[in-house]
Every structure is written in C-alpha cells, then in structure tokens.
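Take a look at the structure set out below.
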Amino acid sequence: MAMRRAVAASCSRAPPRFVAGAARLLSAQAVDRSAAAREEINHAWQTQSKVSAPIADMAAGGSPDSASSSGAAAAAESIIDKFDLRPDIDREEDATVALGEAFDRLLLLLVPFDSPKSVEYFERMLAVAARNGTELSIRTIQHLFARCRKYSEALTVFHALRKAGVRMNMHAYYAMCFCLQRLEEESWAIKMREAIAESDEVSPQAVQFVLDGCPNQLLPENKPWLGRIVLADADPESATTKGAAADFDAFGRKWTARYE
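The opening position of the sequence shown corresponds to residue 1 in the UniProt record's numbering, with each subsequent residue numbered one higher.
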C-alpha cells in the first residue's frame, strides 16, 4: 500500500499514458529515480537558452546558436546516463515510465544534434518510447522538426521516428511528413531568394518552383506562401516554425485551455 501511495504521489502530474504502468510495474528505487530525473529534466528545460529558428539562421547567413544547443544536448545526455535510461533495462527499473511530459522535453533537448553521439541518445530514447507504448503528441513532433538547424537533421529525425516504431496516430504521422516537406521547400525558397538578390532577376527555375513546388509535394495549398518567400514579399523570420522551449510550453497551455 505504501508503495502505491509513493508512486501516485510521484506521478501526480504525469499523463495517463505513464501512470497506469507506473503503479503496476515500478520498484521503489525506480520511482525515486524517476522523480529525480523529472526534476533535473525540467530544470534543464527551464534554464535552456533560446534556440535560434533554423530558417531564420539560413536566411541571415549566420550560424545557429551552437553554444545553447550543445549545452542542452549535453545536459540531456548527462541525465540519460545518470539515471540509466535505456530500452533494455528491466521494466521494474524503467524510470522513464513515470516521467510524463518530461520525457517529451528530454527528447527535445537532444535536438538539434550536437554530434553523432546525440543521435545515438535520441534513438535510444525513441526505443524506450516504442517499448513502453508511448504515443508522441503532434506538438512534440512539430517541435522536434522546428528545432532542426538544417534539412539533414530533419531527415535524421524523420528516419529515427520511423525506424523506432514509436506509436503515432494518422494526424501525428501526417504532421511529421508536413514538417519535413515544409523545411525542404522553405530551404529551397530561401536559396532562390538569395539567387534573385544576386542576379537582380527572377530565374525560370524560381518561377517553375513557385508554380509546381517540390516533386514530392504533399500540400498544394502551400505554393502561394512559397512564392511570397521567393519574391521577398514576406519577412524571413515569419517563415519559420517556432522551436524555442517557451514556444513549446505556450503551445501546451493553449492546447490545454482548448479542452477546459
């Protein structure tokens, strides 16, 4: 009885997807590790510096805020090692079961990838999510892609999500595909905008791109927006998907208020 009360207290803020398994499976030591891990994850999340928006960096010709991103990834990797978060651990000792939304934040802290090691940690956490039957929300998937600094990172996130077999509904999968497409198309639009600025004329390729989009286009209604980016009719920063920690939290509050 005391064990169940301890689990209930430590998981009071965790979503239902974690609480049911926690009360049935976790040992007392795992409950304590989960509570401590959740506290450290939330602390790292709150103290993280704002991550630069990927497309805005490309448009400005500058480099991403590598110091803040690498610091966040290093903090996440340290937490994963410290609390032994891995997919092959006994279920009774799996502290990730009771992390709640902190698990989503841990995934987000690993992106953008600072090194191949960060990719390994990201794939490890996705394997944990797949084993536990965790379903990633649309909000988390959108922000994973929003935090990518370049298209190759977005491709890595996309393939890691598919390879891990993480649970997602049709809407979440469609959002993942749309995020990947949007990053690709806006990257091309920014490059063509720079070419127009250099040559002071609109190339036939740019016109064709605005009319047809990419060969793997999913959403035809996105074409007018791409045209605005190519022809400099929109602020480059307004073309970005917000990827900062504050944006993720703000979206969560709006999502919660929608159902209150």
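The C-beta atom is built at its ideal place from N, Cα and C for all residues, glycine as well.
CA-to-CA distance, Leu-155 to Phe-83, given in whole angstroms
Indexing the sequence shown from 1 puts residue 83 at position 83. Indexing the sequence shown from 1 puts residue 155 at position 155. C-alpha separation (whole angstroms): 29 angstroms.
Where Ala-250 falls, given that 16 or more other Cβ within 10 Å makes a residue buried:
Numbered from its first residue, the sequence shown carries residue 250 at position 250. That one is exposed.
Leaving out five residues before and five after Arg-124 in sequence, what residues of the same chain have Cβ atoms less than 8 angstroms from its Cβ?
Position 124 of the sequence shown, counting from 1, holds the residue named residue 124. Closer than 8 angstroms at the Cβ level, and outside the excluded window around Arg-124, lie Ile-80, Leu-85, Arg-86, Pro-87.
Among Ala-245, Ala-28, Ala-30, Leu-180, nearest to His-159 - alpha-carbon criterion
Your numbering for residue 159 matches position 159 in the sequence shown. When only C-alpha atoms are compared, the closest one is Leu-180.
The alpha helix (DSSP H) enclosing Met-192, as first and last residue numbers
Counting from one through the sequence shown, the residue named residue 192 turns up at place 192. Taken as a continuous stretch (DSSP letters only), the alpha helix (DSSP H) holding Met-192 covers 170-199.
Across the segment 157-176 and the segment 197-213, are there enough close Cβ pairs to call them in contact, namely three or more that are closer than 8 angstroms?
no
Do you know how far the Cα of Ala-102 is from the Cα of Thr-134?
On the sequence shown, position 134 is the one that residue 134 refers to. On the sequence shown, position 102 is the one that residue 102 refers to. Going from the Cα of Thr-134 to the Cα of Ala-102 covers about 13 angstroms.
How many angstroms separate the CA atom of Phe-113 from the CA atom of Pro-204?
Within the sequence shown, numbered from 1, the residue matching residue 113 stands at position 113. Within the sequence shown, numbered from 1, the residue matching residue 204 stands at position 204. Taking the straight line joining both Cα atoms gives about 36 angstroms.
By the 10 Å Cβ neighbour count, where 16 or more other Cβ atoms means buried, how is Glu-77 classified, buried or exposed?
Position 77 of the sequence shown, counted from the start, is the residue given in the question as residue 77. Buried, by the Cβ-count rule.
Which residues bound the alpha helix (DSSP H) around Met-106?
Numbered from its first residue, the sequence shown carries residue 106 at position 106. The sequence as given places Leu at residue 106; Met does not occur at that position. First-last of the alpha helix (DSSP H) with Leu-106: 101-109.
Our contact map puts Ala-30 next to Ala-72 with C-beta atoms below 8 angstroms; I'd like the distance itself, whole angstroms only.
Walking along the sequence shown from the start, residue 30 turns up at place 30. Walking along the sequence shown from the start, residue 72 turns up at place 72. So it is not a contact: roughly 25 angstroms between Cβ atoms.
Whole angstroms are fine: how far does the CA of Leu-26 sit from the CA of Glu-92?
Along the sequence shown, one-based indexing puts residue 92 at 92. Along the sequence shown, one-based indexing puts residue 26 at 26. Those two C-alpha atoms are separated by around 4 angstroms.
Looking at the unbroken alpha helix (DSSP H) that takes in Ala-138, where does it start and where does it end?
The sequence position of residue 138 within the sequence shown is 138, counting from 1. Strictly speaking, residue 138 in this sequence is Ile, with Ala absent from that position. 138-146 is the span of the alpha helix (DSSP H), which, as asked, contains Ile-138.
In the DSSP output, which residue or residues are listed as bridge partners for Arg-167?
Locating residue 167 in the sequence shown gives position 167, counting from the first residue. Arg-167 pairs with Glu-135.
Pop quiz: residue 307 and Leu-106 are said to be a contact at Cβ under 8 angstroms. What is the actual Cβ separation, rounded to whole angstroms?
In this structure the chain extends from 1 to 260, so residue 307 is not present and cannot be described.
Going by C-alpha distance, which of Tyr-174, Val-119, Arg-147, Ile-190 is nearest Ala-164?
Taking the first residue of the sequence shown as 1, we reach residue 164 at position 164. Looking at the Cα atoms, Val-119 is the closest of the given residues.
Under three-state DSSP, which class holds Asp-81?
As a working mapping, residue 81 is identified with position 81 in the sequence shown. If DSSP states are grouped into helix, strand and coil, Asp-81 belongs with the helices.
In this structure, how does DSSP classify Arg-253 when only helix, strand and coil are distinguished?
Counting from 1 along the sequence shown, the entry for residue 253 is found at position 253. Reduced to three states, the DSSP call for Arg-253 is helix.
Just verifying my parser: in three-state terms, what is the DSSP assignment at Lys-150?
Taking the sequence shown and counting its residues from 1, one reaches residue 150 at position 150. Three-state DSSP puts Lys-150 in coil, outside helix and strand.
Go ahead and pull the three-state DSSP assignment for Ser-115.
Indexing the sequence shown from 1 puts residue 115 at position 115. In this structure, Ser-115 counts as coil in the three-state DSSP scheme.
Same chain only: Cβ atoms within 8 angstroms of Tyr-151, ignoring 5 sequence neighbours per side
Numbered from its first residue, the sequence shown carries residue 151 at position 151. Taken in chain order, the residues that qualify are Leu-183, Glu-184, Ser-187.
Considering only the alpha carbon of each residue, which of Leu-136, Ser-199, Leu-108, Ser-115 lies closest to Gln-46?
For the purposes of this step, residue 46 is taken as the residue at position 46 of the sequence shown. Gln-46 has its Cα closest to that of Leu-108, out of Leu-136, Ser-199, Leu-108, Ser-115.
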